[in-house]
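Residue numbers (my numbering), protein chains in the order written: chain Z, 1 to 263; chain P, 1001 to 1197. Don't be surprised by glycine CBs; every beta carbon is placed ideally from N, CA and C. The next block holds one structure in the form of C-alpha cells; read it before the comments.
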Amino acid sequence: MTGTSRSGVARRIVPCLDVRDGQVVKGVRFRDHRVMGDIIELAARYRDEGADELVFYDITASPEGRSVDVDWVRRVSETIDIPFCVAGGIRSVASAERVLAQGADKISINTPALEDPDLIDRLVKAFGSQCVVIGVDSIADGESYTVRSHTGTPDAMKAPGRQTLDWLREVVDRGAGEVVLNCMSADGTRTGYDIAQLSAARRLLPIPLVASGGAGAVDHFIDVFRQADVDAALAATVFHSGQIPIPELKQALAAAGIEVRPC
Amino acid sequence: MTIAVVDSGGANISSVLHALRRLGAEPRFTADPAVIGAADRVILPGVGAAGRAMEVLRTHGLVDVIRNLTQPVLGICLGMQLLFESSEEDDARLISLIPARLRRLPDREDLRVPHMGWNAIAATRPDRLTQNLGGSWFYFVHSFAAPVGDWTLATSAHGRSFSAIVRQGNFYGAQFHPERSAGAGAAFLQRFVESER
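In C-alpha cells, the structure reads:
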C-alpha cells in the first residue's frame, strides 16, 4: 500500500505556480485570482526549500486561444536546477517543442488532449512518454467522476461528457508518461485530497500519478501518499502563503515512514 | 577551458547548457568533429530513443570521433547509455566503449516505468568524481538501464540494481540528470569539469 519499500524513488512534493501576465496567481475554485508573486523569485525560493519539481500553469493561455509566451520558461530554466513542467496553451507538437527547447522538462496538456486525443500520440512520438503529462480536471458526483475542459476561466468551462476513468485508460494507451489528476470539487477548499477518486485512478494507472486539489494541512499529504499511493502531491496556496513550509512537510512525511528526498 | 556539448538531436538540451553556465563555464553546443575533438571536456547529453540518437551521431560522422576522444567525456542519461555496446531499446548498436547491453527496467504491477523521480545512489568504488556523493539524491528519467559491472562507480535501484554512474578510462556517464538534481547535481558537474585529463 505505502511506497516505503516498493522502490527507492522518493515521493515528490510539487508546488504549482499558476501564471498570468508574468505573475504567479492563485484563486479559490478557479475564481478570483490573486497575485502571489514573481515567477522567478518563487521558483528559486521553492528550489531552495526542497521542492522536488515545479509545475507552471499559464492560466491565461488556453481560454483566450493564445499559446504560452516562452521567454519566462527560458528564465526559469536558467535559474533553477530541479525539473519543471509547463502547462497551458500547448496545443501542437510545434508549441510543445518551443517550450521544451527553452528548457522545460515536461509539457502538460489538458483541454487540447480532450479535443484532439491523437495529439497525445503525436507528442509521445516526437518527445517520448517521459515528456508528456496529461492534466485532467475531474468532478466527483458520488462515485461517478467526469472530466471538465476549458477550466482556466469559469465562464468557458465545459463538460465534454467523458468518464474520468475511461479517459485515464485512453491516455495511458496513447503513451502518456504521467497524469496530474485535479479533483475540482476539492480544489481550493483545503479540506484534503479526494482520496477515493485518486485511489480509483491509482488502481488503473501503471504510470506516475500526481494528486492535485484540496491540500490544506500536513496530514492531507500523509493521507494521500499512504491511502491513494500517489507518486507526487501538488499544491499551491498552502505553499505560496507560507502556511506549510516544505522542509517541515518533508520532515513530517519522513517521520510517517514515507520516503522523501531530504531538503 | 572549453566544454563541447554534443548536438545529438532532441528538443530538451538547453537545461544542460544552463547548468554549465551556472558553474561559470561557456559551453559550445555543436556537432562539429573539429570543435568536439579540440575541447577540454566533452558532454554527450541525450533525451529520446537510443536508435534515433545513434542515427544522428552517424549522420554527423561522430561515432568514431567520440570513441577516439582522450579528454574527459561525460554522457548524461541517454548519452551515458550510448557509451555501452547495445540496448534492448530499438535493438540498437551503440558506441561500444563499455561491453554490456542495456535492458528495460522490470514491468511489475508495483513499479512505475519510466523510472521518473528522485532516487539515492550508493558508491561502489572510490573515484574523485563520486567522492562524498554516496547517499545523495539525483533526478532520474529512464526506462532502460545499464547492468552493474567493473565500469560501475555508483548504483541506484528501481526494481533491480543498475549503474547510476559509470567510468571507463576517460569516459564517464550518469544515468540521472545532474542539471536537474539541485545541489548534488551541481557538485557532480563541477567535479567533472575539474577532473584531470
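A1145 of chain P and R1160 of chain P have their C-alpha atoms some 10 Å from each other. Proximity of D81 of chain Z to chain P, defined by a Cβ-Cβ separation below 7 Å, is satisfied. Residue pairing by DSSP leaves P206 of chain Z without any beta bridge partner. The DSSP assignment places 1073-1076, 1084-1087, 1098-1104, 1115-1120 and 1137-1142 as complete runs of the beta strand (DSSP E) inside the stretch 1062-1148 of chain P, in order along the chain (cut-off: 3 residues). Annotation: R1180 of chain P to D194 of chain Z spans about 30 Å, alpha carbon to alpha carbon.
Taken in chain order, the complete beta strand (DSSP E) segments of 3 or more residues contained in the stretch 127-205 of chain Z are 132-141, 144-148 and 178-183.
Pairing A1186 of chain P with R1104 of chain P, the inter-Cα distance amounts to about 28 Å.
Note that the C-beta distance between Q163 of chain Z and C183 of chain Z is not below 7 Å.
Just so you know, the alpha carbons of S212 of chain Z and F1192 of chain P end up roughly 38 Å apart. For R261 of chain Z, there is no enclosing alpha helix (DSSP H), as DSSP marks it with neither H nor E. The Cβ-Cβ distance between A1184 of chain P and F1140 of chain P does not fall below 7 Å.
Contact check for A215 of chain Z and V238 of chain Z: beta-carbon distance about 5 Å, within the 8 Å limit, so the pair qualifies.
Taking the Cα of S1136 of chain P as reference, the smallest distance to any Cα among P:S1096, P:I1121, P:S1143 and P:V1148 is reached at P:I1121. Segment contact: the stretch 128-143 of chain Z against the stretch 69-81 of chain Z, fewer than three CB-CB distances shorter than 8 Å; contact not assigned. For R45 of chain Z, there is no enclosing beta strand (DSSP E); the residue is found in the alpha helix (DSSP H) stretching over I39 to E49. Under the criterion of beta carbons closer than 8 Å, A1031 of chain P and H1060 of chain P qualify as touching, at roughly 4 Å. When the Cα atoms are used, L1074 of chain P and T191 of chain Z turn out to be separated by approximately 47 Å. In this chain, A236 of chain Z is not harboured by any alpha helix (DSSP H), its DSSP state being neither H nor E. In this chain, the beta strand (DSSP E) harbouring V19 of chain Z covers R12 to R20. Against chain Z, a Cβ distance below 7 Å from A1019 of chain P picks out D81. Using beta-carbon distances, V230 of chain Z does not count as an interface residue toward chain P, since no partner is under 7 Å.
For P245 of chain Z, no Cβ of chain P is located within less than 7 Å of the residue's own Cβ. Under the Cβ distance rule, W1118 of chain P counts among the residues neighbouring chain Z, one pair being separated by less than 7 Å. Taking each of P:A1164, P:P1045, P:L1094 and P:P1126 in turn and checking the Cα distance to S1015 of chain P, the smallest one comes out for P:P1045.
At a C-beta separation below 9 Å, I207 of chain Z has these neighbours in chain P: R1112, V1113, P1114 and M1116. A distance of 7 Å or more separates the beta carbons of A94 of chain Z and I107 of chain Z. At a cut-off of 7 Å between beta-carbon atoms, S1014 of chain P makes contact with chain Z.
Within 7 Å of the CB of R162 of chain Z, no CB atom of chain P is found; the nearest one sits about 24 Å away.
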